[in-house]
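Those protein sequences? They're chains A and B, same order as listed. Quick note on numbering: our numbering labels position 7 of the first sequence as 38, and the sequence is numbered without any gaps. Quick note on numbering: our numbering labels position 19 of the second sequence as 10, and the sequence is numbered without any gaps. A short write-up of the structure that comes next.
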Amino acid sequence: MKLEVRDLGVSYGATPVVRDLNFTLDGDDILMLVGPTGCGKTTILQAVAGLVPIECGQIQLGDRRIGAADHVPPEKRHIGMVFQDFALFPHLSVAQNIGFRLSNQAPVNHWLNRLGLEPLREARPERLSGGQKQRVALARALAHEPSLMLLDEPLSSLDASLKDVVRWEIRDALKEAGVPAIWVTHDQAEALSVGDQVGVLNAGRLQQVAPPEHCFGRPANRFVAGFLGEASFVPGQFGGGVAKTALGSAPAMMADSDVATEVDLLVRPDDLELTQASASQGQGEISWSRYEGGTRLYRVALDEGGSVRVRVNHEQSLPPGQRVVLRINATEPLTAFPRA
Amino acid sequence: MRVRWPPPSYPLAGLIALVAVLPVVVLVTLVGDAPDPFSPYNLKVLLNTVVLMALTVLGSVLIGVPLALLTAYVEVPWRRVWLVALAAPLALPSYIGAFTFYAAFGPGGEIETLTGLSTPSLDGMFGAALVMALYTYPFVLLTTRASLCSLDASQVNAARTLGLSLPMSLWRVVLPRVRNGIAAGALLAAMYALSDFGTPAIMRLDTFTRVIFVEYNAFGLSQAAMLSLQLLSIVGLVLYLESRVKTPHELPGRSLSIWPSRRQSVALFAAVAPIVLLAIALPLAVFGIWLWRDGAEGFELAYAWNSAYAALLAALVAVVLAVPVAHAAMSGRAGRLMERLTYLGFGVPGIVMGTALVYLGLKLPLLYQTLALLVLAYVLRFLPLAVGAVRSTSERIDPKLVNAARTLGASRGEAFRRITLPLTLRGIVAGGALVFLEVMRELPATLLLGPTGYETLATYLWRVYEAGYFGRAAVPGLLLILISALGLVLMLSGEARGGRSVLEDNRR
Chain A
32 MKLEVRDLGV SYGATPVVRD LNFTLDGDDI LMLVGPTGCG KTTILQAVAG
82 LVPIECGQIQ LGDRRIGAAD HVPPEKRHIG MVFQDFALFP HLSVAQNIGF
132 RLSNQAPVNH WLNRLGLEPL REARPERLSG GQKQRVALAR ALAHEPSLML
182 LDEPLSSLDA SLKDVVRWEI RDALKEAGVP AIWVTHDQAE ALSVGDQVGV
232 LNAGRLQQVA PPEHCFGRPA NRFVAGFLGE ASFVPGQFGG GVAKTALGSA
282 PAMMADSDVA TEVDLLVRPD DLELTQASAS QGQGEISWSR YEGGTRLYRV
332 ALDEGGSVRV RVNHEQSLPP GQRVVLRINA TEPLTAFPRA
Chain B
-8 MRVRWPPPSY PLAGLIALVA VLPVVVLVTL VGDAPDPFSP YNLKVLLNTV
42 VLMALTVLGS VLIGVPLALL TAYVEVPWRR VWLVALAAPL ALPSYIGAFT
92 FYAAFGPGGE IETLTGLSTP SLDGMFGAAL VMALYTYPFV LLTTRASLCS
142 LDASQVNAAR TLGLSLPMSL WRVVLPRVRN GIAAGALLAA MYALSDFGTP
192 AIMRLDTFTR VIFVEYNAFG LSQAAMLSLQ LLSIVGLVLY LESRVKTPHE
242 LPGRSLSIWP SRRQSVALFA AVAPIVLLAI ALPLAVFGIW LWRDGAEGFE
292 LAYAWNSAYA ALLAALVAVV LAVPVAHAAM SGRAGRLMER LTYLGFGVPG
342 IVMGTALVYL GLKLPLLYQT LALLVLAYVL RFLPLAVGAV RSTSERIDPK
392 LVNAARTLGA SRGEAFRRIT LPLTLRGIVA GGALVFLEVM RELPATLLLG
442 PTGYETLATY LWRVYEAGYF GRAAVPGLLL ILISALGLVL MLSGEARGGR
492 SVLEDNRR
């Protein structure tokens, strides 16, 4: 089923929580909604599910149109939802939770088997581990054959070691069910790896919706650039598809078809090359270094002001205070923003 | 989800709240032609009541606070057993204690008959205050212990490293921080002393509750109503003070542990045992002696059946009414007010409730001398127990469960029926059981409102006392103790489920 959200706005009392929200979701695409705490992610899910009233705009679900005046109760929307702490019914067994209100047991058995829950059929939710609860919640939503799935931070109450496994389990299950899904998270790595589309939210407004590579490589603004990964900004001049900076020249594109010659160039830690320099040479000095296992991250204070972060092979170990030469080594065009 | 106003439970909850206010309204209209409220006799009654209250508070704090320190901090073997035994007097109606103390002490009392030791007789102010303190100190014990357990041990340890002895550290560092916990328990004890009928009546001390009963028997309804209102205003004052006492929440930490030597443990046991012996063992022994001497003479099973029947009716009605009130209380401000109003009955002493409803019965002959009126009195008095139980379980239900049910296709009504109701059932049953057990032991309202010839365990005990055939109290007395024990078990299991238990043994 196709989901189209047009100019959606939601308020709690007089406080606007979500403003001017627009996006479309179709096929079996997974849209990752990502943003800092309190940016309105969960509210969007609740509005689509019909659990909070919308203030303006409309939600088109297949051929059903929902506006502020024509509310459709949640039970009539055929939307599956996986809640943050799973909301399993404590007085029902695993099978009864999944088969809640279903007369046909076939999908219940299918998802019990598919997610490896068969041995836990008769168990009560209180006896399950976090990962098991997560699977039951997913099975419950999918067994009802929804035409759209909503997942509210489905991994947030799991141990770090489980997160990575469960992430792919959920994605596979959603793809098998073949329904579009909105998946809310505050973890940018999760958003970039699992999603077909990534939507970045800040303060109730959607900043950008695009495939993950696009959001990361061509962020629409500085907030998106900084939220999705380590970002440093290096001042420079832009013209003819090339940006010139103190760290060298590089192919570049303006973000959002802006026009400017004085720009800040977005440089990720692995777009830079770092070599040791003698005392009077180089463009800056190391202020700290962090060992990360396979790699090492440096912060370099630039002589002309500001700083950049550089990621290098772990074999190269330099002390703070060491002078260094920096060089941009990107082959893909970098993104430039008009100088603030 | 459209916000519906008013919430569906408001009309019914509002009606229940109106009925709950009725007794007070009745008293106010009744008092119109009462004689001088400040006659010397009335002032004496007022003085007696206030002195009894003050002595009860003093006694309960003097017993309760040391016991709270003991049960909270001292690592003695069988800690939980100690705690339950020390809290047990709370479950016993004090008239049981008053009756047996009255019968045991003094010339010709059971102690003298049995051992030949002569003891001073126990009645009047001293007897009443002693009994009251013995049966109300658990309030102070429990509230103080809860505060003590929430304190972190580090301050006491710091005080001791700074050179203060352990008793001085407790006095100067710990007690000032649990002042509010002590005050909360002391006010509960004060409430109990104000509204209890049995103890002053048996000890022949003229407090408001006893005099109201006497006036009622002399057909002085408007006099009884005036005394009732005077009593209610003191109760209101205590309730107001209670609402002002805030229990500050400190960040929970590891609480203090004191490890006594074996000799110290024995000494502590020797110091604490007399309290349990007096409050629990003495009544059991006295009733046991009577049972052995007089058997079950004069007792009819119908009394127990009458108690149980009325209690069952009251419990059912209370539970059915509690659901909308609890729902309303969670739906909004107006609903919370309605809930507060139903709590009024809890503050109205049983004898006052009885007086008000007797008058109502006289005005509405349909109700006069019926079981229905008695059940109404029980429900008004004990509804808060049911509301509290239902509300606390419903509040613990995650609202997301209802949301989940609705995204799975259940309508609002179906979600309530299949999710909320089954999850609340425990609270509903627990609330009903609490009401049942309280009604089984209720004395004053039953005395006033029971239809002619309708005898319950508690009223039979009262008649036996009035007639002086003490031996016949054995069976009803022991049954009442058994019922109280069941109540205690229920309370403890409720605490254990609640998770934030005051009785919970916090072993680590």
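Ideal Cβ placement from N, Cα and C applies to all residues, glycine included. As the structure is a computational prediction, the values presented were derived from the model and not from experiment.
A distance below 8 Å between beta-carbons, with the five flanking residues on each side excluded, links B/Val236 to the following residues of its chain, in chain order: Asn171, Ala174, Ala175 and Leu178. A/Asp302 and A/Ala371 have their C-alpha atoms some 22 Å from each other.
Contact check for A/Ile110 against B/Thr447 fails: the beta carbons are separated by 7 Å or more. If you draw a straight line from the Cα of A/His122 to the Cα of A/Arg155, it is about 7 Å long. Taking 7 Å as the cut-off, the beta carbon of B/Ala59 is found no closer than this to the beta carbon of B/Leu335.
When the five nearest sequence neighbours on each side are left out, the beta carbons in the same chain lying within less than 6 Å of the beta carbon of A/Pro243 are those of Leu223, Gly226 and Val229, in order along the chain. For A/Tyr43, the enclosing beta strand (DSSP E) starts and ends at Leu34 to Tyr43.
Counted as a single uninterrupted DSSP element, the beta strand (DSSP E) harbouring A/Ser280 occupies residues Gly279 to Met285. A buried status is given to B/Pro435, since no fewer than 16 other beta-carbon atoms sit within 10 Å of its beta-carbon. Cβ contact annotation for B/Val22 (same chain, cutoff 7 Å, sequence separation greater than five): Ser213, Ala216, Met217 and Leu220, in chain order.
Assignment of A/Val210 by DSSP, reduced to helix, strand and coil, places it in the coil class.
Rounded to the nearest angstrom, the Cβ distance from A/Ala204 to A/Leu169 is 6 Å, consistent with a contact under 8 Å. Counting C-beta pairs with one atom in each stretch, the segment 418 to 438 of chain B and the segment 403 to 410 of chain B have fewer than three that are closer than 8 Å, which means they do not touch. Along the segment 122 to 134 of chain A, the positions whose C-beta sits under 7 Å from a C-beta of chain B are His122, Phe131 and Arg132, read in chain order. With its beta carbon less than 7 Å from one in chain A, B/Ala395 belongs to the interface. Burial is judged here by how many other beta carbons sit within 10 angstroms of a residue's own beta carbon; B/Pro340 has at least 16 and is buried.
The beta-carbon distance between A/Leu328 and A/Pro350, rounded to whole angstroms, is 15 Å. This is too long to meet the 8 Å contact definition. Residue environment: B/Ser475 is assigned as buried (16 or more neighbouring CB atoms within 10 Å of its CB, all protein chains considered). Contact of A/Phe114 with chain B by beta-carbon distance below 8 Å involves Lys391, Asn394 and Ala395. Comparing alpha-carbon positions, the option among A/Pro282, A/Gln127 and A/Leu76 lying closest to A/Glu153 turns out to be A/Gln127. Cβ neighbours of A/Gly272 within its own chain (closer than 8 Å, five residues either side excluded): Pro282, Ala283, Met284 and Pro364. In this structure, DSSP gives A/Tyr322 an extended state, which the three-state scheme calls strand. Residues of chain B with a Cβ closer than 8 Å to the Cβ of A/His175 are, in chain order, Leu399 and Gly400.
For A/Ala274, the enclosing beta strand (DSSP E) stretches over residues Val273 to Thr276. Interface annotation, A/Pro138: not in contact with chain B, CB-CB separation never under 7 Å. Assignment of beta-bridge partners to B/Tyr451 by DSSP yields no partner. If you draw a straight line from the Cα of B/Thr384 to the Cα of B/Leu414, it is about 8 Å long. Rounded to whole angstroms, the Cβ separation of A/Asp183 and A/Val231 is 17 Å, and the two are not in contact under 8 Å. If you draw a straight line from the Cα of A/Arg96 to the Cα of A/Gly58, it comes to about 19 Å.
B/Pro274 counts as buried, since no fewer than 16 other beta carbons sit within 10 angstroms of its beta carbon. In the DSSP assignment, B/Arg327 falls within the alpha helix (DSSP H) that extends over Arg324 to Thr333. For A/Glu244, the nearest beta carbon of chain B is not closer than 7 Å to its own beta carbon.
Taking a contact to require three or more Cβ pairs closer than 8 Å, the segment -4 to 3 of chain B and the segment 315 to 326 of chain B qualify as touching. For A/Glu106, the nearest beta carbon of chain B is closer than 7 Å to its own beta carbon. Counting along the chain, no alpha helix (DSSP H) covers B/Phe461, and no H or E run does either.
Close CB contacts of A/Ala208 within its chain, under the 6 Å cut and outside five residues either way in sequence, are with Leu173 (chain order).
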